[in-house]
Each structure stands twice: as structure tokens, then as C-alpha cells.
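Trainee: Here's a structure for you.
There are 2 protein chains.
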Amino acid sequence: MGEFSFIQWIRERQRRRKDVILGIGDDCAAIDVSSDRLCLITTDMLVDGTHFDLEKCTVRDVGRKAIACSISDVAAMGCQATVAVVSICFPNHSTERFARKLYKGIWSIADKYNIEIVGGDIISGDCPLCINVTMLGRDDGLKPIRRSGARVGDMILVTGTLGGSLLGKHLHFKPRLKEGLILNKNFTIHAMIDISDGLTADLNHVLEESHVGAVLYEDQIPISEAAVKMSKETGKIPLYHALSDGEDYELLMTLSKGQAKKILESPLFTKGTFSCIGEVIKNSGIQMKFLDGSVRRIKPRGYEHLKS
Amino acid sequence: MGEFSFIQWIRERQRRRKDVILGIGDDCAAIDVSSDRLCLITTDMLVDGTHFDLEKCTVRDVGRKAIACSISDVAAMGCQATVAVVSICFPNHSTERFARKLYKGIWSIADKYNIEIVGGDIISGDCPLCINVTMLGRDDGLKPIRRSGARVGDMILVTGTLGGSLLGKHLHFKPRLKEGLILNKNFTIHAMIDISDGLTADLNHVLEESHVGAVLYEDQIPISEAAVKMSKETGKIPLYHALSDGEDYELLMTLSKGQAKKILESPLFTKGTFSCIGEVIKNSGIQMKFLDGSVRRIKPRGYEHLKS
Numbered sequence: 001m002g003e004f005s006f007i008q009w010i011r012e013r014q015r016r017r018k019d020v021i022l023g024i025g026d027d028c029a030a031i032d033v034s035s036d037r038l039c040l041i042t043t044d045m046l047v048d049g050t051h052f053d054l055e056k057c058t059v060r061d062v063g064r065k066a067i068a069c070s071i072s073d074v075a076a077m078g079c080q081a082t083v084a085v086v087s088i089c090f091p092n093h094s095t096e097r098f099a100r101k102l103y104k105g106i107w108s109i110a111d112k113y114n115i116e117i118v119g120g121d122i123i124s125g126d127c128p129l130c131i132n133v134t135m136l137g138r139d140d141g142l143k144p145i146r147r148s149g150a151r152v153g154d155m156i157l158v159t160g161t162l163g164g165s166l167l168g169k170h171l172h173f174k175p176r177l178k179e180g181l182i183l184n185k186n187f188t189i190h191a192m193i194d195i196s197d198g199l200t201a202d203l204n205h206v207l208e209e210s211h212v213g214a215v216l217y218e219d220q221i222p223i224s225e226a227a228v229k230m231s232k233e234t235g236k237i238p239l240y241h242a243l244s245d246g247e248d249y250e251l252l253m254t255l256s257k258g259q260a261k262k263i264l265e266s267p268l269f270t271k272g273t274f275s276c277i278g279e280v281i282k283n284s285g286i287q288m289k290f291l292d293g294s295v296r297r298i299k300p301r302g303y304e305h306l307k308s
Numbered sequence: 309m310g311e312f313s314f315i316q317w318i319r320e321r322q323r324r325r326k327d328v329i330l331g332i333g334d335d336c337a338a339i340d341v342s343s344d345r346l347c348l349i350t351t352d353m354l355v356d357g358t359h360f361d362l363e364k365c366t367v368r369d370v371g372r373k374a375i376a377c378s379i380s381d382v383a384a385m386g387c388q389a390t391v392a393v394v395s396i397c398f399p400n401h402s403t404e405r406f407a408r409k410l411y412k413g414i415w416s417i418a419d420k421y422n423i424e425i426v427g428g429d430i431i432s433g434d435c436p437l438c439i440n441v442t443m444l445g446r447d448d449g450l451k452p453i454r455r456s457g458a459r460v461g462d463m464i465l466v467t468g469t470l471g472g473s474l475l476g477k478h479l480h481f482k483p484r485l486k487e488g489l490i491l492n493k494n495f496t497i498h499a500m501i502d503i504s505d506g507l508t509a510d511l512n513h514v515l516e517e518s519h520v521g522a523v524l525y526e527d528q529i530p531i532s533e534a535a536v537k538m539s540k541e542t543g544k545i546p547l548y549h550a551l552s553d554g555e556d557y558e559l560l561m562t563l564s565k566g567q568a569k570k571i572l573e574s575p576l577f578t579k580g581t582f583s584c585i586g587e588v589i590k591n592s593g594i595q596m597k598f599l600d601g602s603v604r605r606i607k608p609r610g611y612e613h614l615k616s
């Protein structure tokens, strides 16, 4: 693979944003931030065998996922994603065709979300494919929504349905950027996070940062069809997958009862986008209110990578 | 290694900057850019076996180098480095002790340059150690110095001495951030780049972006002691190493004769920091004026990683 011819190909095909003063091709890129108050920044690294498996997905999927993960992080702050830099370590002897497919995956989602790839680093080594995306965002005059703002009495809402993302959604999810922005502009959200590690694991991040606890309602968790399908393979109940599987990249938020009601009835969102799955309580940790009326503590379970 | 305990350790030890509104611990970091015009961004990925060799250096050296490379990119724009995010893929079964040493290397230089590590991603995989740094910078009211501004008649200046960096400098170089800023504030620099690929290779980037050529003076190239030492091992002449070796991370710039004279005589810099090594001409490519008076075309030679 010719590194310079590949970079030239990227430079020619990259769509440009107006606020990018300097794109690919210099020591740094430069972005006009003169009308901004805050610059958001997030970074995600993905490596073959841990976050994806090139024997089970295409390299285009990998490019797509790498960008989408970072967009989801900006969405979780209720802010606007703008530009990204992408570093890739290709396994030695990778072909330029392979590299171009990766970039086509990157653009397939970057273009859709109006994100310009303003720079990067292309290297190779005796290693599996490794890709790192750093994404910048802007506040657009809004306050970023942190993990640490959950308050006792808050309702807990999530978008979409959960569980079994390994059956496909972990590669093809749509980051909730639009929803995050609408939420931040039109409602008062106390805390927000995207579900990458798993519902209970990510809820636990919010609870720990906010020094509160939560009770979840067993019958309100939005279980995905994939979770049901997955449960037939694993022998575990679908609820287990909805609670524990990672990489759904849905949004989880806490907010007052009044605001929650407004969101659930709002015409700004597609009907059924949100589920109210529980509430924030004083004690630490997560409890579950089961259908039989009993309330028991549950352990936050992290995302178990692709080992299964 | 406990990922969360490690991140907690990082959060507690990280020095804070005033313009960082949100540091490590949320979906994104947030930086106050309300007084800035431009946000600079650069990213560098380093992998064991290609950019460093853990059999020949410490993991602390690796952390140091990863940050220093990115600072050098911001220096090459004549701007100020501010914050960074760091992604690390640790080989499976790495110890927390190993991880902490890497971070101590990162801080050893980040602290010195007042750079806050505002976020990152810690993963592991069946792969060699891989580290990615994305660095942000600010223009501080100055114009970033691009590669593309070289003009016919410009003098070509470099900082420091060149060649043989593999003998140690490639790990322990001091990025020329201060010099880059002084140059941008006090002089008119037409084009600038840092020498990472090698003198002729990086000069060639400037020439190609500026659509000009250059002639170098054989007797003016600042050959390092390391280049002389290296030549005894390789059998090549020291000049070869000064022209072709990479990773000296010195600055190369082009500017008018008058400005060059001012810099060479300026009390703002330590005496001997700069050498005038040639001039920009109309034709494309690089020529060398040899001591015997002959002028011959030379080929830009890229940096050959750690293969030697």
C-alpha cells in the first residue's frame, strides 16, 4: 500500500465543512471556533478480536462502527459532533483496496452526520487492525449534559430497545445525535450517558458519579427482538441480555417526573422512542422491582466483549 | 489490570488546566474555547515494533514519546498545545504497574508543557502495545504556519542538529514548542514543518505543497554527533544520516532573507539554534550544491522505521 497515494485519495474525496480552515495535509488541522463557547472531545479505540471480528464482519463495518461510537459519545452530552481525526494501524501487507473499504465505511456515516475527517495517522505493524477515532463537538450554546447530575426522585428513561447487539446492532446502530440535541434544547435533562458497556453497567456509572441509587421496573425494560433471539442461543432469559449486553448505543437519562412525562408525549420524537424504566433513589447501587412485587439488589454487569 | 481502578488513579493524579471545564470521567471532555479563534488538532499513533521497541526502551519512554510527537506537530504550526486525549491498547495480561509506568512517561512531558490529559480509552487485545495521542492547540491570536507557503527566494532554516536519532533522540527529543511560538509571534515565517520523516522527506512535503523546489548547501547541513556515530555502524557518510534519518523533531522553515538574518542574530534564541541550509528555487524537487561546486539533484528519502 502506498501511504501517500492513499492519503491523496482520502484528501480528494473528503467532503468539507465551512468551519474547517485547514483539513488533511498539514501538521495539524485547524477549526474555526470563534463562535463557540465549548469544544467537546472524545476518543475511542477499536481493535480486531476485541471490538469486532474481521472473520464475522466487513472492514467497511469496522470503519462505520469506529465513527458511530464517537458520535454516540457526543450525543450523550446533548451536543453537536463536528470533525474527527482517524488513526489506523493496518496489519503489515494490507492492500490499498482493504484500506479504501475501511474509509468508505467511515464516510458512509461521517457524511450522513456532516462530520469532516480533518486528519489522521496511517501506520502499519505486526498486529491486528486497530483504529482510533477522536471526535470534536460544539455546545451550540447549550450546556453539555453530564453523568453526574442525577437527583433523587428522577425518572430514568432510555431510547430504543436493548440486548443482543452482537447479532448485528453493535455494527449497524444509529447514534442518537439528533435525539440528544433535541433533548438538550427542549427539555431539562439532569444526567445522560450512552449505553456502550450495558444498561446496568452504564446506569451504574451515572449513579456513582451522582452519588445516588436506582430502582428499575422489571416489566418496563425495553427488550429487543435480538435479546429474545440471543436468549435461545445462550439459555439465559431475554431480560438478562437487555440488562447486561453492551453496545446498543442507546441513550439513558434521568430527569424530573414532569419532564419525563413531556418527553414521553412529545411530538418531537417518533412514538415509542423512549421507555421509562425506573427511578433514582437515595441508596447507592441498583435494585430491581420484579413483577411479583419483590425488590432485590442486582449487580451491574459489564459488557463482555466478543468472547462469547 | 483493573480498568476502573487504573482510570481512577489517572483522574486523581492528573493536573488540571483552568480552561478545561470537564476532564476525564464523562462521555466527552469539554474545553472552554470562548476566547479562541482556532482550535488546532493533530493525532499520532505509535505501535511496538514499528515506532519503538520495548526490548530496547522502557514503557515510560513510550509514553513520553507519544505525547512529545504530538506537541511537535503543534509546534510546527507555531501554535500553543493545550489538551490531549490518549488511547492505549495494552497487550492482554499487561499489569497495572506497566500501565502506570506508561502514564508516568506521559505526564513527565505533559506537565512540563502544561498539557492536560482530558480523556482517553484504555483497551486490551491480542496485539503489541499501541498508543494514540490526539492533541489540541490554540492559535493565541496568531496565524497557524502552514506547509504550503514557501516562496521562491526564501531561505531554508532548521533548528538543532540532524541524524542518527535512533541512538536515543527519537525517544528523548524536546519538542520545539517554545521556539515555534516565538517564531510565529516575532517573525514572518512562510512555511514550517517538523522533521519526523527525515530532512529531505519533510522538506519535500513543504516543496510539494508550495509548488516550488529547493537547493541545499552540502557544507551547511547541521550534522549531529549521533549521525557521525551512526555512520561508523552503517558505513554510510554522516551527511546521509542527517538528510535521511527521521524523528529528530526539529523545525524546518522557509522565510525571506531579511527575516532569516534577523532570526540568526536574534537574542530570543540560544546561539546556534538555527542553521541556514539552503534556499527555495523555482524548479521542483531538491538539488544539492556540493563543496566542489557541482549541483546535483537528490532524491527525498523517507524515514525507514526501526527496521535497521
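Protein chains in written order, with the working numbering: chain A, 1 to 308; chain B, 309 to 616.
C-beta atoms are modelled at their ideal positions from N, C-alpha and C, and glycine is treated no differently.
Does any C-beta atom of chain B lie closer than 8 angstroms to the C-beta of A/Ala30?
Mentor: Yes - at least one Cβ of chain B is within 8 angstroms of the one on A/Ala30.
Trainee: On a CA-only basis, which of B/Leu348, B/Ser395, B/Ile375 and B/Pro399 is nearest B/Ile439? Give me that one, please.
Mentor: With distances taken between Cα atoms, B/Ile439 lies closest to B/Ser395.
Trainee: Name the DSSP bridge partner or partners of B/Asn440?
Mentor: Answer is B/Met353 and B/Ser395.
Trainee: Taking DSSP as the reference, what is the three-state secondary structure of B/Thr542?
Mentor: Note: B/Thr542 maps to helix in three-state DSSP.
Trainee: So which residues on chain B does A/Met77 lean against when the C-beta distance must stay under 9 angstroms?
Mentor: Result: Leu330, Asp334, Asp335, Cys336 and Ala338.
Trainee: Tell me, please, whether the CB atom of A/Asn184 is closer than 8 angstroms to any CB atom in chain B?
Mentor: Taking Cβ atoms only, chain B never reaches closer than 8 angstroms to A/Asn184, which makes this a no.
Trainee: If you draw a straight line from the alpha carbon of B/Glu612 to that of B/Gly554, how long is it in whole angstroms?
Mentor: For B/Glu612, the predicted model reports a pLDDT of 38, less than 50, meaning its position is unreliable; a value from the coordinates is still stated below. The straight-line gap from Cα to Cα measures roughly 8 angstroms.
Trainee: I'd like to check one pair, B/Cys435 with B/Pro399: are the Cβ atoms closer than 8 angstroms?
Mentor: Yes, Cβ-Cβ distance for B/Pro399 and B/Cys435 is below 8 angstroms.
Trainee: Check whether the segment 74–88 of chain A touches the segment 325–342 of chain B, taking contact to mean three or more Cβ pairs, one atom from each stretch, closer than 8 angstroms.
Mentor: They touch, by the three-pair rule.
Trainee: Could you tell me which residues DSSP pairs with A/Val295 in its beta bridges?
Mentor: A/Val295 pairs with A/Lys289.
Trainee: Which residue marks the beginning of the beta strand (DSSP E) containing A/Asp32, and which one marks its end?
Mentor: Counting along the chain, the beta strand (DSSP E) containing A/Asp32 begins and ends at Ala29 to Asp32.
Trainee: Taking A/Thr82 as the reference, which of A/Arg296, A/Lys101, A/Ile67 and A/Gly278 has the closest Cα?
Mentor: Nearest option by C-alpha distance: A/Ile67.
Trainee: Listing by chain order, which chain B residues have their CB less than 7 angstroms from the CB of A/Val118?
Mentor: What A/Val118 touches in chain B: Ile349.
Trainee: Mind listing, in chain order, the continuous alpha helix (DSSP H) runs of no fewer than 4 residues lying wholly within the segment 92–165 of chain A?
Mentor: Fully enclosed alpha helix (DSSP H) runs of 4 or longer: 96–110.
Trainee: So if I threshold CB-CB distances at 7 angstroms, which residues from the segment 501–512 of chain B count as touching chain A?
Mentor: Listed by position, the residues of the segment 501–512 of chain B near chain A (Cβ gap below 7 angstroms) are Ile501 and Asp502.
Trainee: What does the alpha-carbon distance come out to for the pair B/Lys493 and B/Lys451?
Mentor: Each residue's Cα considered, the two are about 9 angstroms apart.
Trainee: If the cut is a Cβ gap below 9 angstroms, which residues of chain B does A/Glu209 touch?
Mentor: The answer, in chain order, is Gly333 and Asp334.
Trainee: Does any CB atom of chain B fall closer than 8 angstroms to the CB of A/Met288?
Mentor: False, the Cβ-Cβ gap to chain B never drops below 8 angstroms.
Trainee: Could you give the distance in angstroms between the alpha-carbon of A/Asn114 and the alpha-carbon of B/Asp344?
Mentor: Each residue's alpha carbon lies about 23 angstroms from the other.
Trainee: If you reduce the DSSP assignment to three classes, tell me which class B/Cys377 lands in.
Mentor: Of the three classes helix, strand and coil, the one that applies to B/Cys377 here is helix, per DSSP.
Trainee: By DSSP, does B/Phe495 sit in helix, in strand, or in coil?
Mentor: It is coil, neither helix nor strand.
Trainee: Rank B/Ser592, B/Gln528, B/Val523 and B/Leu479 by C-alpha distance to the C-alpha of B/Val603 and give the top, closest one.
Mentor: Among B/Ser592, B/Gln528, B/Val523 and B/Leu479, the Cα nearest to that of B/Val603 belongs to B/Val523.
Trainee: Name the two residues that bound the continuous alpha helix (DSSP H) containing A/Val206.
Mentor: Note, A/Val206: alpha helix (DSSP H), Leu199 to Ser210.
Trainee: Please confirm if the segment 487–501 of chain B is in contact with the segment 445–465 of chain B, defined as three or more CB-CB distances below 8 angstroms between the two stretches.
Mentor: Verdict: yes, contact present.
Trainee: Under 7 angstroms between beta-carbons, which chain A residues line up against B/Cys435? List them in chain order, please.
Mentor: Here the neighbours are Val47, Cys127, Pro128 and Cys130.
Trainee: Below 8 angstroms on the Cβ atoms is my guess for A/Gly120 versus B/Thr351; work out the distance and round it to an integer in Å.
Mentor: So it is a contact: roughly 6 angstroms between Cβ atoms.
Trainee: Comparing C-alpha positions only, which one of A/Leu252, A/Lys18 and A/Glu265 sits nearest to A/Ser196?
Mentor: Of the candidates A/Leu252, A/Lys18 and A/Glu265, the one whose C-alpha sits nearest the C-alpha of A/Ser196 is A/Leu252.
Trainee: So what does DSSP say about A/Glu279, is it helix, strand or coil?
Mentor: Strand.
Trainee: Classify A/Leu291: buried if its beta carbon has 16 or more other beta carbons within 10 angstroms, exposed otherwise.
Mentor: Looking at its Cβ environment, which holds fewer than 16 other Cβ atoms inside 10 Å, A/Leu291 is exposed.
Trainee: Would you call B/Pro575 buried or exposed, if buried means 16 or more other Cβ atoms sit within 10 Å of its Cβ?
Mentor: B/Pro575 comes out exposed.
Trainee: Tell me which residues share the same chain as B/Thr542 and place their Cβ nearer than 7 angstroms to its Cβ, disregarding the 5 neighbours each side in the sequence.
Mentor: Correct list: empty, nothing qualifies.
Trainee: Excluding sequence positions up to five away, which residues of its chain have a Cβ less than 7 angstroms from the Cβ of B/Thr508?
Mentor: Same-chain partners within the cutoff: Leu551, Ser552, Ile594, Ile606, Pro608 and Arg609.
Trainee: Apart from the five residues on each side of it in sequence, which residues of its chain come closer than 6 angstroms, Cβ to Cβ, to A/Val206?
Mentor: Excluding positions up to five away in sequence, the list reads Arg147, Ala150, Ala191 and Ile193.
Trainee: I'd like to know if A/Leu166 contacts chain B, where contact means its C-beta is closer than 8 angstroms to some C-beta of that chain.
Mentor: No, A/Leu166 lies away from the interface with chain B (no Cβ there is under 8 angstroms from its Cβ).
Trainee: Pick helix, strand or coil for B/Gln316, following the three-state DSSP scheme.
Mentor: Note: B/Gln316 maps to helix in three-state DSSP.
Trainee: Whose C-alpha, out of A/Val228, A/Arg100, A/Gly49 and A/Ser256, is nearest the C-alpha of B/Ile431?
Mentor: Comparing Cα-Cα distances from B/Ile431 to each of A/Val228, A/Arg100, A/Gly49 and A/Ser256, the minimum goes to A/Gly49.
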